[in-house]
Amino acid sequence: MTMLEKETSTEFDSLMPRVGFSRRGFLVGSIAAGFALATQPVMAQTAIDTTPDGLVTGIEPLVGADRHPVPAYYARPEGKGPFPVVLVASEIFGVHHYIQDVCRRLAHQGYFAIAPDLFVRQGDPTKISNVQQILDGIVAKVPDAQVLGDLDAAVKFATAHGGDAKRLYMTGFCWGGRITWLYAAHNSTLRAAVAWYGKVDGAPSALAPKQPVDLAAGLTVPVLGLYGGKDQGIPLDDVEEMKGALKKGKSGSDIVVFPEAGHAFHADYRPSYRKAEAEEGWKRLLDWYARHGSGRG
């Protein structure tokens, strides 16, 4: 058992009656060992597999705002730290291999990266092969408030285990890109965030009362949005509206559009992947964090 496991097992075990099975079964069953079923077949020739050498990695339980256990994958450099923290919000496919790999990439850059399973109460998208079933059966049932509370729990966990609360960052992809905008509005202690092709507008609902465009002018956290000019799911008109809303505020946020990229251009395991744009976007992410004072180690 790792030190993190020893420090969290007692509190976690007290929560197990809520989910009805063992700690080990809960953690192993909630974070995918490989790629999500709905993303098959994986583009093996482009899928990146970052080594864990020199890192401390694992799956640990967080305690959500409603006291529900929330598993999270983390990766950080070896050593005591404190390390700057990056919250990672997944696509609709959950915390599968790709999201875990993003955490390892960030850890190799000196960050404590943590990706909580933000769908744990509604279902496990990694085990479902039909995208529409994931959207209707899981994603549509997830309240924004719940997600923001679980991300708060991830911050608490990371900063209690080697992370630096004063150097807090975030990134997210697709569904997680939208969540990144929302969390930047929710938690003003973030130094900076990077949202990859997350929706910025949409009809309000009881579970999602606000959209990023509604919150843009009031942001105090600098957020960098990375979007594809040929993304058929996010109209450029919406992106331009978001740009206009950001200009009304004083956060210093910005949006970059890659003209030839479609949706999910950073997802190296899918046909949507565009190597040049993905690498440029990643460079911009690291530069954005550095510009806003992340430091390393």
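For reference, each letter of the sequence shown is one residue, going 493 to 789 in the working numbering. For glycine and all other residues, C-beta sits at the position ideal for the given N, C-alpha and C. If you're wondering where the values come from, they're calculated on a predicted model, not measured in any experiment.
Item: Reducing DSSP to helix, strand and coil, say where ALA539 ends up.; Value: coil
Item: When the distance is taken between beta carbons, is ALA645 closer than 8 Å to VAL548?; Value: no
Item: Apart from the five residues on each side of it in sequence, which residues of its chain come closer than 8 Å, Cβ to Cβ, to LEU529?; Value: THR618, LYS619, ILE620 and SER621
Item: Only counting the same chain, and skipping five residues up and downstream in sequence, which positions put a Cβ closer than 7 Å to that of PRO763?; Value: MET535
Item: PRO576 and TYR661: beta carbons closer than 8 Å?; Value: yes
Item: If you run the structure through DSSP and keep just helix, strand and coil, what is SER514?; Value: Annotation note: pLDDT 48 at SER514 (below 50); position unreliable, no value reported.
Item: Can you name, in chain order, every residue of its own chain whose Cβ lies under 6 Å from the Cβ of LYS498, other than the five neighbours on each side?; Value: Confidence at LYS498 is low in this model, with a pLDDT of 46, below 50, so its placement is unreliable and no value can be given for it.
Item: Grab me the residues of VAL705's own chain with a C-beta within less than 8 Å of its C-beta, minus the 5 sequence neighbours each way, in chain order.; Value: VAL692, ASP693, ASP730, GLU733, MET734 and ALA737
Item: For GLU552, is the classification buried or exposed, using 16 other Cβ atoms within 10 angstroms of its Cβ as the cut-off for buried?; Value: buried
Item: Alpha carbon to alpha carbon, what distance is there between ALA768 and ALA524?; Value: 28 Å
Item: If we call anything under 8 Å between Cβ atoms a contact, is ILE626 one with ALA564?; Value: no
Item: I need the DSSP call for LEU699, collapsed to helix, strand or coil.; Value: coil
Item: In or out: PRO533 buried (at least 16 other Cβ within 10 Å) or exposed?; Value: exposed
Item: Note down, in chain order, each residue of its chain lying with its Cβ closer than 7 Å to the Cβ of ALA708, except the 5 sequence neighbours on either side.; Value: MET734, ALA737, LEU738 and GLY741
Item: Measure the CB-CB distance between ILE584 and CYS666 and report whether it falls below 8 Å.; Value: yes
Item: Which residues in the same chain have their Cβ closer than 8 Å to the Cβ of PRO440, if we skip the five residues on either side of it in sequence?; Value: Since the first and last residues shown for the chain are 493 and 789, residue 440 lies out of range.
Item: Tell me whether ILE523 sits in a helix, a strand or coil according to DSSP, three-state version.; Value: coil
Item: For GLY586 versus ASP609, is the C-beta spacing smaller than 8 Å?; Value: yes
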